[in-house]
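Written out below as structure tokens is the structure these notes cover.
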């Protein structure tokens, strides 16, 4: 059974005859040819295909002549396009680019076949994509050049960012009287660390009065419990207790001006990262102090982190405070029984852990989202899927 489906494209109404369960999902005027592209889907769920966590509907596209709305065959629309191979060498000698429009008779639709050769290194990138589009689409060559230019721009922008010392000094110079650098709770009171007339003062007052502190200071109702001549002295006094990040909880509901503290805070945090004597639960509190002074304005490597196995510098990931470096993760790991481990990332299904005998015979296989028996260099590590793919290994908390 057939039916007429009405749709509007390029400010005109069209009819297309489809089988009864099929409908138009979207349409547009092709940028290159001006022809009308119509995409249709089958709404009959009995013909839908399930697999790999997805449901696929049967779909088909049509090309219409824009004046009368007639469905065009490949032979009829062929005259509107160039199906010859096109080759371009860029003037800088970096790329050879080939592009060809091709016809797939199995689905009665065109596609674009592209190849980009990096002439200096010989690397080849290929792409097959849609041939019809409603607005101009970048070629593989154009998108690659834009990506390179963007990388150069980001790299230059990153190089121009200030060091953490200069960043902090810049914000320290902008402090105004009564600016709060940071605040934390102390039993039933809140402690405010304030800049006032070139001095750093510490006030302790009842939580109920924390929002009126400026008026209380001006009126002389409260006095600072201690004063410091520099941010460095203020911060060193605050962190003199070894477990300061557990003893004092940040106060989040007060507006602060914390960036002047960035250099001293990260100096302390980096040392905690180096020692790695915290638990994962305790690190949540440490991370709250990183967040206090975190900014994209300074260079990311100012926040340092060390491999929990070989102690080489690694990229900072607050989600994985005890992760190991790539070199260590590539080493052979064993379970508690001395069986070699082969751990594979499975995407949404977690990780697959194979326990291998000396002749590589699989003793057992398990699929899990968390495995905590990876022995390496006398330490024990955990394995789990990383947030954005792959596997992350971290030092187990009870490991020496």
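Numbering (our numbering), first residue to last: 6 to 405. We put the beta carbon where it would ideally sit given N, CA and C, even for glycine. Every value quoted in this text rests on a predicted model; they were computed, and no experiment measured them.
Check: Same chain, Cβ closer than 6 Å to residue 46, five either side skipped, listed in chain order; Outcome: 30, 62 and 64
Check: Helix, strand or coil at residue 217 [DSSP, three-state]; Outcome: helix
Check: Limits of the unbroken beta strand (DSSP E) element including residue 283; Outcome: Per DSSP, residue 283 belongs to no beta strand (DSSP E) and is neither H nor E.
Check: CB of residue 260 within 8 Å of CB of residue 185, strictly; Outcome: yes
Check: Check whether residue 231 and residue 190 have beta carbons under 8 Å apart; Outcome: no
Check: At least 3 beta-carbon pairs within less than 8 Å: the segment 68-88 vs the segment 20-40; Outcome: yes
Check: C-alpha gap between residue 400 and residue 252, whole angstroms; Outcome: 25 Å
Check: Burial state of residue 328 (16 or more Cβ within 10 Å); Outcome: buried
Check: Sub-8 Å separation of residue 210 and residue 200 beta-carbons; Outcome: no
Check: Segments of 4+ residues assigned as alpha helix (DSSP H) that fall wholly inside the segment 155-194; Outcome: 169-177
Check: Rounded C-alpha distance that separates residue 137 from residue 83; Outcome: 13 Å
Check: Straight-line gap, residue 283 to residue 290 (C-alpha atoms, nearest Å); Outcome: 10 Å
Check: Proximity winner among 197, 324, 75 and 33, relative to residue 228 (alpha-carbon distances); Outcome: 197
Check: Span separating the alpha-carbon of residue 161 from that of residue 321; Outcome: 21 Å
Check: Cα-Cα separation between residue 192 and residue 256, rounded to whole angstroms; Outcome: 12 Å
Check: Cβ separation of residue 177 and residue 93, assumed to be a contact under 8 Å, to the nearest whole Å; Outcome: About 54 Å separates the two Cβ atoms, so there is no contact after all.
Check: Contacts around residue 323, its chain only, beta-carbon distance under 7 Å, and the 5 residues preceding and following it disregarded; Outcome: 292 and 295
Check: Nearest-angstrom Cβ-Cβ length linking residue 28 and residue 10, presumed shorter than 8 Å; Outcome: 6 Å
Check: Own chain, CB closer than 6 Å to residue 119, minus 5 neighbours either side, in chain order; Outcome: 104, 132 and 145
Check: Beta strand (DSSP E) segment containing residue 368, residue limits; Outcome: 367-373
Check: Nearest residue (CA-CA) to residue 128, options 106, 99 and 116; Outcome: 99
Check: Classification of residue 25 by the beta-carbon crowding that lies within 10 angstroms, buried from 16 upward; Outcome: exposed
Check: Uninterrupted alpha helix (DSSP H) stretches inside the segment 296-368 (no shorter than 4 residues); Outcome: 331-334
Check: Terminal residues of the alpha helix (DSSP H) in which residue 82 lies; Outcome: 79-82
Check: Segments assigned beta strand (DSSP E), at least 3 residues, entirely inside the segment 40-103; Outcome: 41-47, 54-56, 59-61, 64-69 and 91-94
Check: Exposure of residue 310, with buried meaning 16 or more beta-carbon neighbours within 10 Å; Outcome: buried
Check: Own chain partners of residue 4 with C-beta closer than 7 Å, once the 5 adjacent residues on each side are dropped; Outcome: In the structure displayed, the chain extends from 6 to 405; residue 4 sits before or after that span and is not available.
Check: Through-space distance from residue 355 to residue 373, alpha-carbon basis; Outcome: 6 Å
Check: Reference residue 66; option with closest CA among 76, 344 and 385; Outcome: 76
Check: Rounded separation between residue 4 and residue 220 - CA only; Outcome: Given that the chain is displayed from residue 6 to residue 405, the structure contains no residue 4 and the question cannot be resolved.
Check: Cβ-Cβ separation, residue 86 to residue 106 (assumed contact under 8 Å), whole Å; Outcome: 6 Å
Check: Minimum C-alpha distance to residue 240 - residue among 265, 222 and 224; Outcome: 265
Check: Buried versus exposed, by CB contacts within 10 Å (16 or more), residue 6; Outcome: exposed
Check: Opposing strand residues paired with residue 22 [DSSP bridges]; Outcome: 9
Check: Reference residue 377; option with closest CA among 336, 207 and 404; Outcome: 404
Check: Residue 211, DSSP secondary structure in three states; Outcome: strand
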